[in-house]
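Going letter by letter, the sequence shown gives residues 32 to 398 in the numbering used here.
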Amino acid sequence: MTPRLFTYSRPDQSEERSLPHHEPSQRGKYSLARALREARNHTNGVITGLEREVSDEIARRTGRNVRGFLVPWDVEVRALSTTTGAGGIPTILSGAMIDVLRAKMICGMLGAQVLPDLTGGKFAIPKKTATVSLGWLPEGGDAPTDEPVVDSQVLFTPHTTGAYVDVTRKAIDSIPNIDEVIIGDLLSAIAVEVDRGALNGLGNNNQPLGLAQNPGVAEVSFGANGGAPTLALLAAMEQTVGNANADIGKLAFATTPNGRLKLRTTEKVATSGKMLWTDSNTVLGYPAVASNQLPSNLTHGLGTGLSPIIFGNWSDLVIGLWGPVDILVNPYRFSTTGFTRYRGLQDVDVMLRHNESFAMAPDMVTT
């Protein structure tokens, strides 16, 4: 299954076609495998030809200082699509490599918006803080003249996330399409980390500020020491978002697998036989998902091992990407041991269009 984050992050197709490898004479000639092999075999990981032209053009458009080479979005999506499962291994390997299980990404699944190809050091989206004035008019009367107030902005600042993997010479020589396998693995790892940062980034230590850590998001407490979920508490979360006029768009619940178990085994009303989390994966009629991207070890008062549950309009969660992943291949770092290091870097930030679009209970008891 293709990680949803990257399928959401493709730019306008007219922009894609304007890259060198979309020219009629170059269609089908771009080769990620060729670029990776060349980077592995060339001093300082330098590549040439069409792949270099594409990377240079993307760097020019995005204003990025590239350390290796940039892979265009359509090629990244293709690389991810050739994998299976969480990180995925092409079926050609037929069990020759076994991948790790990664936490399930949920932001793209729930409708988060992705802005690809941001340029410069920072990027701002203007924000309205007041609406137009409305009123009922007598015949011949003038309409209110106030205009919506646009005096704020949502500011994106790049944070760099990266992943690397070291591969032995024997693996390079013996496993078919090893370069594509490794890059698919790197892209999957980066996608998972971007999703985690969007959900739970700390806002310090070079991390973006994630949804669950955002102090501007309304909190609905389940109790002084945490508490078990009830129909009334979940409805209070819905009410909080509704009272802010934000109960529109891609509304859904998200929690941890522990939280899902608790909701799936808790009745809406005693002896009703109807559970808070339905067999169709809904809560209060809204889609509901669970992932270990959210923590299950929170504390509140004397309560420990608590899980968060979030409700809101997920299309107001915005992930900004400064172009595609920067790929570096370094066969010389471990030249004495025969390892080649593959590294991927992605500049990203996360913002909420409106903090009021979400409500969170950080203290759900799941035992």
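Note that beta-carbon positions come from the ideal geometry of N, C-alpha and C, so glycine has one too.
Keep in mind it's a predicted model, so treat the numbers as computed, not measured.
Burial state of residue i, where buried means 16 or more other Cβ atoms lie within 10 Å
i: residue 143; result: buried
i: residue 279; result: exposed
i: residue 387; result: buried
i: residue 271; result: buried
i: residue 233; result: exposed
i: residue 167; result: exposed
i: residue 343; result: buried
i: residue 72; result: exposed
i: residue 204; result: exposed
is_contact[residue i, chain D] using C-beta, thresh 8 Å
i: residue 63; result: In the displayed structure, chain D is absent; only one protein chain is listed.
Cβ-based neighbour list, residue i, same chain, cut-off 7 Å, excluding 5 preceding and 5 following
i: residue 456; result: Only positions 32 to 398 of the chain appear in the structure, and residue 456 is not among them; the question remains open.
i: residue 380; result: 187, 188, 189, 190, 239 and 351
Delimiting residues of the beta strand (DSSP E) encompassing residue i
i: residue 348; result: 348-352
i: residue 318; result: 317-321
i: residue 394; result: 389-395
i: residue 338; result: 334-344
i: residue 329; result: 329-331
Presumed contact (8 Å Cβ cut-off) between residue i and residue j, rounded CB distance
i: residue 395; j: residue 293; result: 7 Å
i: residue 325; j: residue 230; result: 6 Å
i: residue 202; j: residue 322; result: Actually they are not in contact, since the Cβ atoms of residue 202 and residue 322 sit about 31 Å apart, beyond 8 Å.
i: residue 137; j: residue 226; result: 7 Å
Span of the alpha helix (DSSP H), counted from its first residue to its last, around residue i
i: residue 268; result: 262-274
i: residue 289; result: 288-295
i: residue 222; result: 209-231
i: residue 86; result: 80-93
i: residue 382; result: Per DSSP, residue 382 belongs to no alpha helix (DSSP H); it is in the beta strand (DSSP E), 370-383.
Spatial neighbours of residue i in its chain, beta-carbon cut-off 6 Å, leaving aside the 5 residues before and after
i: residue 124; result: Confidence at residue 124 is low in this model, with a pLDDT of 34, below 50, so its placement is unreliable and no value can be given for it.
i: residue 149; result: 351 and 353
i: residue 237; result: 190
i: residue 78; result: 66, 69, 70 and 100
i: residue 275; result: 387
Close beta carbons around residue i, own chain, < 8 Å, minus the five adjacent residues each side
i: residue 103; result: 47, 50, 52, 61, 85, 89 and 355
i: residue 306; result: 294, 295, 296, 297, 298 and 299
Would you call the region 336-345 and the region 380-396 touching, i.e. three or more CB-CB distances under 8 Å? Taking a cut-off of 8 Å on C-beta distances, the region 336-345 touches the region 380-396, as three or more cross pairs fall below it.
Below 8 Å, how does it come out for the region 210-218 and the region 66-78: are there three or more Cβ pairs, yes or no? Contact between the region 210-218 and the region 66-78 is present: three or more C-beta pairs spanning the two stretches fall below 8 Å.
Check whether the region 189-199 touches the region 369-383, counting contact only when three or more Cβ pairs, one atom from each stretch, lie closer than 8 Å. Under the 8 Å Cβ criterion, the region 189-199 counts as touching the region 369-383, having at least three qualifying pairs.
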